[in-house]
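Colleague: Questions regarding the structure given below will be posed in turn.
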Ligand SMILES: CN1CCC[C@H](Cn2ccc3ccc(-c4n[nH]c(N)c4C#N)cc32)C1
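Residue numbers (the working numbering): 54 to 306.
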């Protein structure tokens, strides 16, 4: 997978080259290029923003600069295009007003050969940039949660990590992603609690079933605790979960 990120704060994305993702890049499982939006400005002040039409607080990011940047970065075939194909990338624009970025969206993105991320700042990017790009490529405006950040860079880090860990070979143990919270194999439920040695720590013991060696009982316990935790913390997830009679018996307890 090829990932391009356009931002006015390239150094903000430096952590993408650390740890697991850094290893994935070194192993060629992932290619990441970060571009400084100011490279497409033409004035001495390298202006990327201007005051909003209709008034209101803050500034809006200029369409001309973003248009030139995305024309260059999304060019296919082009320098960034994977295998130099003429397939355009999917443009992902983080914004609080976007559709929710969920595990299902992460799984969708993990199938894409090429993602380009546009990191807004100020009050956001002139809408015409998104509307213009949508004439040439798939565009997604997504939100990582119902709170307001200062810019898109942190959201891109969240999205890239959630997507990259799903790529074959990135996680040491691929089975780990199969047991993710929200994943299909867990019926969209939250994961239950995890434990490791010692058996007793500060007079708190590991549940006996996990040391029983009875794999059927352990699987049932993990399902039950996932159901209980989901019911307690995210009951709305149960609406879409495929529950059997045993599951419903747990919830009716
Ligand atoms: C007061 N204004 C309101 C509009 C957005 C302004 C800050 N900003 C500029 C670009 C930008 C990109 C993403 C996010 C963001 N915030 N929360 C999320 N879940 C996001 C996501 N994905 C925020 C952003 C602040």
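Ideal Cβ placement from N, Cα and C applies to all residues, glycine included. Remember, it's a predicted structure, so these values are computed and weren't measured experimentally.
Any C-beta of chain D sitting closer than 8 Å to the C-beta of residue 200?
Modeller: Absent here is chain D; the protein component of the structure consists of one chain.
Colleague: Ligand 1 and residue 182: does the residue's C-beta get closer than 7 Å to at least one heavy atom of that ligand?
Modeller: Checking the Cβ of residue 182 against ligand 1 gives no.
Colleague: What residues are listed by DSSP as bridge partners for residue 196?
Modeller: 153
Colleague: Does the structure place the stretch 127-140 close enough to the stretch 107-115 that three or more beta carbon pairs sit under 8 Å?
Modeller: no
Colleague: For residue 223, which residues in the same chain have their Cβ closer than 6 Å to its Cβ, ignoring the five residues on either side in sequence?
Modeller: 77, 82 and 217
Colleague: Check this for me: beta carbons of residue 120 and residue 209, under 8 Å apart or not?
Modeller: No, these two residues do not count as a Cβ contact at 8 Å.
Colleague: Measuring only from the beta carbon, is residue 152 closer than 7 Å to any heavy atom that is part of ligand 1?
Modeller: Result no, Cβ not under 7 Å from ligand 1.
Colleague: Could you give the C-beta distance for residue 219 and residue 230, rounded to a whole number, given that I count them as a contact under 8 Å?
Modeller: 6 Å
Colleague: Pick out whichever of 75, 192 and 142 has its Cα sitting closest to the Cα of residue 168.
Modeller: 142
Colleague: According to DSSP, is residue 138 helix, strand or coil?
Modeller: coil
Colleague: Rounded to a whole number of angstroms, what is the C-alpha to C-alpha distance between residue 166 and residue 200?
Modeller: 30 Å
Colleague: Taking three-plus beta-carbon pairs below 8 Å as touching, is the stretch 84-97 in contact with the stretch 141-159?
Modeller: no
Colleague: For residue 278, which residues of its own chain have a beta-carbon under 7 Å away from its beta-carbon, when the five flanking residues on both sides are left out?
Modeller: 245 and 246
Colleague: Based on DSSP bridge pairs, tell me the residues matched to residue 258.
Modeller: 253
Colleague: Determine which residues share a DSSP beta bridge with residue 178 and list them.
Modeller: 114
Colleague: Does the Cβ of residue 61 lie closer than 7 Å to at least one heavy atom of ligand 1?
Modeller: no
Colleague: Of all the options 213, 301 and 104, which has the alpha carbon lying nearest to the alpha carbon of residue 284?
Modeller: Checking every option, the nearest Cα to that of residue 284 belongs to 301.
Colleague: Less than 7 Å between the CB of residue 148 and some heavy atom of ligand 2, yes or no?
Modeller: Of the ligands this structure carries, namely ligand 1, none is ligand 2.
Colleague: Kindly indicate which three-state DSSP category residue 88 falls into: helix, strand or coil?
Modeller: strand
Colleague: Evaluate residue 215 with the Cβ neighbour count: other Cβ atoms within 10 Å of its Cβ, from every protein chain shown; 16 or more gives buried, anything less gives exposed.
Modeller: Within a 10 Å sphere around the beta-carbon of residue 215 sit 16 or more other beta-carbons, which makes this residue buried.
Colleague: So what's residue 183 in DSSP terms, helix, strand or just coil?
Modeller: helix
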